[in-house]
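**Q**
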Amino acid sequence: MPLWKIAWRSIQHRSLASALTAFSMGLGVALVVAVIVIYGVLNQTFMRSAQGYDIVVGPPKGSPLEVVLGAVFYSGYLSDTIPYDYFRQLETGRYSPEVETAIPIALGDHIFGMPVIATAPKYFTKLKYLEKYNYTFSSGGNMSADSDFEAVLGYTAAKKAKLKAGDKFKPTLAKHIPSKEFPEPDSFTVAGILDPTGTPNDQAFFINIEGFFIMNDHLPKSALNDVMSKRQTEDKGTEAGGKRISAVLVLTKVQDIKPTVTKDERGMETVNIERLESQKFDPATMSLADRLVQDLDVQVAKPAYEITRLFEMIVGKIQIVLIIFAVLVIFVAGIGMMVSIYNSMNERRQEIAIMRALGAKRATVMSIILLESILLSLGGGLIGMVIGHGLLIGIGPIIASAVMVVVNPFHFQPMELALIPGLLVLASLVGYLPAVIAYRTDVAQSLNP
Amino acid sequence: MQLAAKLVDVKKEYVLKGETVRALRGVSMEIPEGDYLAIMGASGSGKSTMLNILGCLDKPTSGKIYLGSDDITTLDDWHLSNIRGSRIGFVFQSYNLVQQLTVLENIEVPLFYQGNVSRKSRQRCIELAEMVGLKDRLNHRPTQLSGGQQQRVAIARSLVNNPYFILADEPTGNLDSVTTEEILQLLDRLNAEGRTIILVTHETNVGERAKRIIWLKDGEVEKEVNNRKTTVL
Ligand SMILES: Nc1ncnc2c1ncn2[C@@H]1O[C@H](COP(=O)(O)OP(=O)(O)O)[C@@H](O)[C@H]1O
Ligand SMILES: [Mg+2]
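Protein chains in written order, with numbering that gives the first Met the number 0: chain A, 0 to 448; chain B, 0 to 232.
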């Protein structure tokens, strides 16, 4: 019968007190686990959501952060617009040599409480999410470039709207009495539904931007809700048909060391070696960004930079506060555990004296008490992990709808493992005082009180 | 004749709030193997103190104590613990079983602290339980047993390490007369088998079962009574 078993029997012997102390420890651990997991998921989502592209070209109004939040999280900050023509210039026009992919996005109404984003089909073929994953479809496929009125739905969006591939829906809140000039709003056909990505795209309706322009043309201005569509109709007849968009997502060209050979009239060859660093801090990007700002009425935001800054500024600090809070809860639970074990020492003096009379050494009874505290703490820790992840099942959806980040409750953060040594240290501290009492127990006196 | 224990001028003083209480004032005695000794005396005469010192639970202020042929007076706590676990069997008035352990585990406990638990030792524990008549109670908890049964578990436990002697402090103090008789018969039998028994009691009918009685008074041996003059010591 090993020592821990004796310790375990003592715990069982006072099962109610033990259960309560372990449970309070568990609550603290649950909080820590929840904070760690949520932070991890937020971190991952925030840091990586934007990384399918380098820069966002958006309207000059507002801060770069607002542009990024609008483009990545479809938040309402991006209410101003830029001409669609700017996208053309990036895709096929004068800036195109430096651009790998340019994708237009236009933020529309919110339907079913989730945003409608007008974009091009290549959004799902040229961009990756969470740094490395290609978009895949749980049913159907990408919207086709040939048919303007097709849509792709995020996994959650499709579920909430109860739409399947092939279904039709109206991606606008515009309401008016249909007339000959302005018939019913155009319907879009769901071409495909994305697999869950763990990004804000899970809760978004993507419609073909061509269809979006046509749909807006077909609606009377008075019926339009979103600023975007109102601007479309205002600018009718100006450049590029007055089409306006929210932003252009730009993936700049990855250029390694690339020799370019030029020949003059006499056949003399000159080799120029252009050295370009990694994509993120690409001098080409910098200069492209600078030139865009100079040439056009836009601002250029770098999502990776903006989001890292935001995350560290707000979420990072909140996490520290929450962790401190949770650690305090664990600490208080630890004190509770100490009080519980300490109180039990009185009634256990005799028990300890018996052990000692039967040959147990001071160190042995001391270890039994320490083990008891360790078993209780680790048990509480285990309960806490279960509760913590259980808590996430409960609050995951709330987070999902609040910040559009999907929290997988069974997502396990390696940081959680750091709790184990932490709990061991706490348990040793908590058990130390009672263990010393056990160590010092006067056998002769305690045997016959 | 081999000695199980020997005390030479053992004194024990307690200092309590500046006042010195002289619990033992120089006690000497020899306890041969196979002895059955009862220590009697009025309350406060030093019985428990003497038992504690014999049981290595407490150290004398002066004097020498031999267990077998070893002087244990100078040993430290670690060694004394080992001696308690391997050479002394304890039986207490309030049984002092470990509540959260089973009958069998309780009998095994002293071996456990010595790191001597094995399949063979477990078999021995079962045999001891059988000897005290609790073979069918091996997996019961102390609370499921009567007082007499608990004391029998304690006696089995006291035997598990094959001790030099059994120290019994008022072993029948909590028992009715019928159960007392059962326990005394068990002790008689053990002594007849050659076990050395030292018991403390204030009940004369219990003391009279021993081969001899040492009466203590104010921390000194007042008199020694040989109950069985006919038996050869
Ligand atoms: N731990 C102690 N501290 C102070 N005095 C003690 C202590 N233990 C015993 N005594 C005193 O020593 C004397 C002998 O006590 P004890 O051996 O318990 O007697 P008995 O067991 O015969 O009643 C008593 O006067 C008692 O008050
Ligand atoms: Mg006493």
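Yeah, the Cβ is synthetic: ideal placement off N, Cα and C, and Gly gets one too.
With three or more beta-carbon pairs closer than 8 Å as the criterion, would you say the region 146-165 of chain B touches the region 187-204 of chain B?
**A** Flag = yes, the region 146-165 of chain B and the region 187-204 of chain B touch.
**Q** What is the rounded straight-line gap between the Cα of Asp216 (chain A) and the Cα of Val314 (chain A)?
**A** Between Asp216 (chain A) and Val314 (chain A), the C-alpha separation is close to 41 Å.
**Q** Mind checking whether the beta-carbon of Gly54 (chain B) lies closer than 8 Å to any heavy atom of ligand 1?
**A** No, since every heavy atom of ligand 1 falls outside the 8 Å radius drawn around the Cβ of Gly54 (chain B).
**Q** What is the DSSP secondary structure of Gln92 (chain B), counted as helix, strand or coil?
**A** It is coil, neither helix nor strand.
**Q** Determine the chain B residues that contact Glu350 (chain A) at a beta-carbon separation under 8 Å, and present them in chain order.
**A** Under the 8 Å cutoff, chain B gives Val97, Gln98.
**Q** Ala443 (chain A) to Leu56 (chain B), Cα distance in whole Å?
**A** Using only the alpha carbons, I get a separation of about 5 Å.
**Q** Does the distance between the C-beta of Lys46 (chain B) and the nearest non-hydrogen atom of ligand 2 fall short of 8 Å?
**A** Yes, the beta carbon of Lys46 (chain B) sits closer than 8 Å to at least one heavy atom of ligand 2.
**Q** Just to confirm, does Val199 (chain B) get its C-beta within under 8 Å of one of the non-hydrogen atoms of ligand 2?
**A** The answer is yes for Val199 (chain B).
**Q** Would you call the CB atoms of Val328 (chain A) and Ile54 (chain A) closer than 9 Å?
**A** No, Cβ-Cβ distance for Val328 (chain A) and Ile54 (chain A) is not below 9 Å.
**Q** What's the gap between the Cα of Leu79 (chain B) and the Cα of Thr142 (chain B)?
**A** If you take the alpha carbons of Leu79 (chain B) and Thr142 (chain B), they lie about 30 Å apart.
**Q** Report buried or exposed for Ala203 (chain A), applying the criterion of at least 16 other Cβ atoms within 10 angstroms of its Cβ.
**A** By the 10 Å Cβ count, Ala203 (chain A) comes out buried.
**Q** With three or more beta-carbon pairs closer than 8 Å as the criterion, would you say the region 427-439 of chain A touches the region 56-70 of chain A?
**A** No, because fewer than three Cβ pairs between the region 427-439 of chain A and the region 56-70 of chain A fall closer than 8 Å, the two stretches do not touch.
**Q** Touch check for the region 174-182 of chain B and the region 8-27 of chain B: three-plus C-beta pairs under 8 Å?
**A** The region 174-182 of chain B is not in contact with the region 8-27 of chain B.
**Q** Residue range of the beta strand (DSSP E) that Phe187 (chain A) falls in?
**A** Unbroken beta strand (DSSP E) run through Phe187 (chain A): 187-193.
**Q** Between which two residues does the alpha helix (DSSP H) carrying Asp166 (chain A) extend?
**A** Premise fails: Asp166 (chain A) is in no alpha helix (DSSP H) and is neither H nor E.
**Q** Less than 9 Å between CB atoms is the rule here; does Gln113 (chain B) satisfy it with respect to chain A?
**A** Taking Cβ atoms only, chain A reaches closer than 9 Å to Gln113 (chain B), which makes this a yes.
**Q** What do you reckon, is the C-beta of Ser42 (chain B) under 8 Å from a heavy atom of ligand 2?
**A** Yes; taking the cut-off as 8 Å, the Cβ of Ser42 (chain B) has a heavy atom of ligand 2 nearer than that.
**Q** So what does Gly40 (chain B) bridge to, in DSSP terms?
**A** Its beta-bridge partners are B:Leu215.
**Q** Using three-state DSSP, classify Phe164 (chain B) as helix, strand or coil.
**A** Strand.
**Q** State whether the region 17-35 of chain A contacts the region 413-424 of chain A, with contact taken as three or more CB pairs (one from each stretch) at a distance under 8 Å.
**A** The answer is yes - the region 413-424 of chain A touches the region 17-35 of chain A, with three or more Cβ pairs under 8 Å.
**Q** Can you pull the chain A neighbours of Gly146 (chain B), defined as C-beta to C-beta under 8 Å?
**A** In chain order: nothing, as chain A lies at least about 17 Å away.
**Q** According to DSSP, which residues form a beta bridge with Asn133 (chain A)?
**A** Answer by DSSP bridge pairing, in chain order: A:Lys127.
**Q** Between the beta-carbon of Tyr128 (chain A) and the beta-carbon of Asn200 (chain A), is there less than 9 Å?
**A** Yes, the pair counts as a contact, with Cβ atoms nearer than the cut-off.
**Q** Can you tell me which of A:Met384, A:Gly358, A:Gly107 puts its alpha carbon nearest to the alpha carbon of Asp76 (chain B)?
**A** It is A:Gly358 whose Cα lies nearest to the Cα of Asp76 (chain B).
**Q** Starting from Asp70 (chain B), follow its DSSP beta bridges and name the residues at the other end.
**A** In DSSP, Asp70 (chain B) forms a bridge with B:Tyr65.
**Q** Taking its Cβ as the centre, do 16 or more other Cβ atoms sit within 10 Å of Asn342 (chain A), making it buried, or is it exposed?
**A** Result: exposed.
**Q** Taking DSSP as the reference, what is the three-state secondary structure of Arg24 (chain B)?
**A** Arg24 (chain B) falls in the strand class under three-state DSSP.
**Q** Taking any Cβ of chain B, which residues in the region 411-439 of chain A have a Cβ under 9 Å from it, in chain order?
**A** Within the region 411-439 of chain A, no residue qualifies.
**Q** CB Ser23 (chain A) to CB Val331 (chain A), shorter than 9 Å?
**A** Yes, the pair counts as a contact, with Cβ atoms nearer than the cut-off.
**Q** Using the rule of at least 16 other Cβ atoms within 10 Å of the residue's Cβ for burial, across every protein chain shown, is Ala29 (chain A) buried or exposed?
**A** Label assigned to Ala29 (chain A): buried.
**Q** Taking the beta strand (DSSP E) that Ala359 (chain A) falls in, what are its first and last residues?
**A** Taken as a continuous stretch (DSSP letters only), Ala359 (chain A) belongs to no beta strand (DSSP E), as it is neither H nor E.
**Q** Output the boundary residues of the alpha helix (DSSP H) element that contains Tyr431 (chain A).
**A** Element bounds for Tyr431 (chain A): 418-439.
**Q** When you check each C-beta in the region 204-228 of chain B against every C-beta of chain A, which residues fall closer than 7 Å?
**A** Listed in sequence order: no entries.
**Q** Anything in chain A within Cβ reach of Ile108 (chain B), meaning under 7 Å, just list it in chain order.
**A** At residue 108 (chain B) the sequence reads Val, which differs from the Ile that was named. Leu357, listed in chain order.
**Q** Is Val151 (chain A) closer than 9 Å to Phe205 (chain A) when the C-beta atoms are compared?
**A** Contact flag set, yes.
**Q** For Ile52 (chain B), which residues of its own chain have a beta-carbon under 6 Å away from its beta-carbon, when the five flanking residues on both sides are left out?
**A** For Ile52 (chain B), where only same-chain residues beyond five positions count, the Cβ hits under 6 Å are Pro59.
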